[in-house]
Structure formats: C-alpha cells, structure tokens
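Chemist:
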Amino acid sequence: MTLLDLPGAADAPGDVMMRFGPGVPTETTAAQIWRAGQTSNAITATQTGETAPRRRRRRTTAWAGTLLLAILIAAVILWLRQTPGAPLAVSDVDVKAPKKTVRCDGRADFVGVVTTNGEAGTIRYLWIRSDDRKPLEQEQRISSGDTSVDLPLHWKVTGSGSFKGTATLRVLSPTTSGKPIQDRASFTYKC
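Numbering (the numbering used here) for the sequence shown: 78 to 268.
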C-alpha cells in the first residue's frame, strides 16, 4: 500500500494488507460479563421506571461497622479504667537529714522517701521529733504510677548551745506488712 492509495478503494486481489502494533484488544470474558451486568441493570431499571441501584447501602454498612467498633473500643477502655488494681502499699521508708551542722537560728530540712507499689491511694504518716513536740498525723495522696514520694520536714531550731535532734518518719498505713514502717535520721545544732 502506498500513500497514494485511497482508503476504501478496492484492493487488488494480489495485495496483502499488513498492520503493525497491538491494535484494538479484545475484551476478556470477565470484562464482557461485567459490562453486560452493568448495562442490563441500567436497562432493567430504566424500563421499570426505577432509579439505578446506588452504593448507599455499602456506605451505610461501612459507617455502621465503624460506629460499632468505636463503641466497642470505648466500652473496653471504660471497663479497664473502672477495674481497680491492687491497693496502695508502702514497702520502704528512708529518711535523709542535713549532713552539715545547723548553725544559730537555723533550719534542719529532712526528706522522707516513701517507696510504694505504684498504685493510687492515700498514705497516713507522722513525723516524730526528739524535742518532744506532739506529732501531727498527716496524709499524702499518691497518684497511680508513682513508685516513690518525698515527705519533707522542716525543723526550725533557735537559741544558744548545742543540740542533737532526731526525726522519725512513721508510715501508719497502708503498708505491705500491715504494721507501721519507720526510719529515722539525726542532725547536730551548734550556736
């Protein structure tokens, strides 16, 4: 075939027509079935006066499934938060005193470090001082996850002379043994 040949003109009986390239592919069986089903639904709906089926049902089902899953997750989280863990228990007490001598009209700062099991609750304790001052029972609220808490004592000393003071931290409850746990430390005052 030459460029001068007119399309649609009768070919001579000895001419051979060759074409190159993939050409128009034939449809697969799956594509034919899919197209036939799609057009038959549209034709059937048009003939009966109905609208073509929509994808709303799938969308509604997806939203309902997502909502149900969210409600289920929220319920599990609430149930886990409501379930109480083990009760708070104090396992150890360590009191630290000032290392240096407290000078005239000074203050001795003690720190009691209380070790817990990490549960939430309230610790009942008292600081007992060697100067015979009446101890006052106190409470400290502990948050869940805190495995230790510092309980301070500030002891103001005035006057001249020397003095050895001892402070005892006694944790009344809750303890692992059920009995009070205590520790003490001392300081020296000179003026």
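From the three backbone atoms N, C-alpha and C, an ideal C-beta is built for every residue, glycine too.
1. At the level of alpha carbons, what is the spacing between GLY255 and THR243?
2. Ignoring anything shorter than 3 residues or poking outside the region 184-227, list the beta strand (DSSP E) runs there in chain order.
3. Is the Cβ-Cβ distance between ILE200 and GLU214 less than 8 Å?
4. Please classify MET78: is it buried, with 16 or more other beta-carbons within 10 angstroms of its beta-carbon, or exposed?
5. Starting from LYS173, trace the beta strand (DSSP E) both ways and give me its first and last residue.
6. Within a Cβ cutoff of 6 Å, which residues of the same chain sit near THR252, ignoring the five residues on either side of it in sequence?
7. Relative to the C-alpha of GLY236, which candidate in ARG218, GLY183, GLY189 and PRO212 has its C-alpha closest?
8. Would you kindly report the start and end of the unbroken beta strand (DSSP E) that includes SER163?
9. Assuming PRO164 contacts GLY198 (C-beta within less than 8 Å), just tell me the rounded distance between them.
10. Consult DSSP for ARG134 and reduce its assignment to one of helix, strand or coil.
11. Can you tell me which of ILE219, SER263 and GLY238 puts its alpha carbon nearest to the alpha carbon of SER250?
12. Which term fits PHE97, buried or exposed, when burial requires 16 or more other beta carbons within 10 angstroms of its beta carbon?
13. Quickly, what does DSSP pair ARG247 with across the bridge? List them, please.
14. Who are PRO99's beta bridge partners in DSSP?
15. In this structure, does DSSP put VAL153 in helix, strand or coil?
16. To the nearest whole angstrom, what separates the beta carbons of VAL170 and VAL248, a pair I think is in contact under 8 Å?
17. Hey, how far is the Cα of GLY238 from the Cα of LYS173?
18. When the Cα of THR245 is compared with those of PRO212, LYS233, VAL234 and THR265, which residue comes out closest?
19. Could you tell me the distance, in whole angstroms, from the CA atom of LEU146 to the CA atom of ALA139?
Modeler: This is what the structure holds:
1. By 1-based counting over the sequence shown, the position of residue 255 is 178. By 1-based counting over the sequence shown, the position of residue 243 is 166. Those two C-alpha atoms are separated by around 25 Å.
2. Counting whole runs of 3 or more residues, the region 184-227 contains the beta strand (DSSP E) stretches 184-193, 198-206 and 214-219.
3. Residue mapping note: residue 200 aligns to position 123 of the sequence shown, counting from 1. Residue mapping note: residue 214 aligns to position 137 of the sequence shown, counting from 1. Taking 8 Å as the cut-off, the beta carbon of ILE200 is found no closer than this to the beta carbon of GLU214.
4. Residue mapping note: residue 78 aligns to position 1 of the sequence shown, counting from 1. Its pLDDT being 49, under 50, MET78 is placed unreliably in this model, and the value from its coordinates should be taken loosely. So MET78 counts as exposed.
5. The residue given as residue 173 occupies position 96 in the sequence shown. Start and end: 167-173.
6. Numbered from its first residue, the sequence shown carries residue 252 at position 175. Only VAL167 and ILE258 meet the Cβ criterion.
7. Counting from one through the sequence shown, the residue named residue 236 turns up at place 159. Closest option to GLY236, Cα to Cα, is GLY183.
8. Residue 163 sits at position 86 when you count from the first residue of the sequence shown. Note on residue identity: the sequence assigns Ala, not Ser, to residue 163. Run containing ALA163: none; DSSP gives neither H nor E here.
9. For the purposes of this step, residue 164 is taken as residue 87 along the sequence shown, with counting starting at 1. For the purposes of this step, residue 198 is taken as residue 121 along the sequence shown, with counting starting at 1. Contact annotation, PRO164 with GLY198: C-beta distance approximately 6 Å; criterion of less than 8 Å satisfied.
10. Working through the sequence shown from its first residue, we reach residue 134 at position 57. Correct three-state label for ARG134: helix.
11. As a first step, residue 250 is located in the sequence shown; it is residue number 173 there, counting from the start. When only C-alpha atoms are compared, the closest one is ILE219.
12. Counted from its first residue, the sequence shown places residue 97 at position 20. Around the beta carbon of PHE97, fewer than 16 other beta carbons lie within 10 angstroms, which makes this residue exposed.
13. Start at 1 with the first residue of the sequence shown, and residue 247 comes out as number 170. Its beta-bridge partners are LEU203 and GLN259.
14. Indexing the sequence shown from 1 puts residue 99 at position 22. Looking at the DSSP assignment, PRO99 forms no beta bridge with any residue, so it has no partner.
15. Within the sequence shown, the letter at position 76 stands for residue 153. In this structure, VAL153 counts as helix in the three-state DSSP scheme.
16. Here the question's residue 170 lines up with position 93 in the sequence shown. Here the question's residue 248 lines up with position 171 in the sequence shown. In this structure VAL170 is in contact with VAL248, their Cβ atoms being roughly 5 Å apart against a cut-off of 8 Å.
17. Residue mapping note: residue 238 aligns to position 161 of the sequence shown, counting from 1. Residue mapping note: residue 173 aligns to position 96 of the sequence shown, counting from 1. About 24 Å.
18. Taking the sequence shown and counting its residues from 1, the one referred to as residue 245 is at position 168. When only C-alpha atoms are compared, the closest one is PRO212.
19. By one-based count along the sequence shown, residue 146 stands at place 69. By one-based count along the sequence shown, residue 139 stands at place 62. LEU146 and ALA139 have their C-alpha atoms roughly 11 Å apart.
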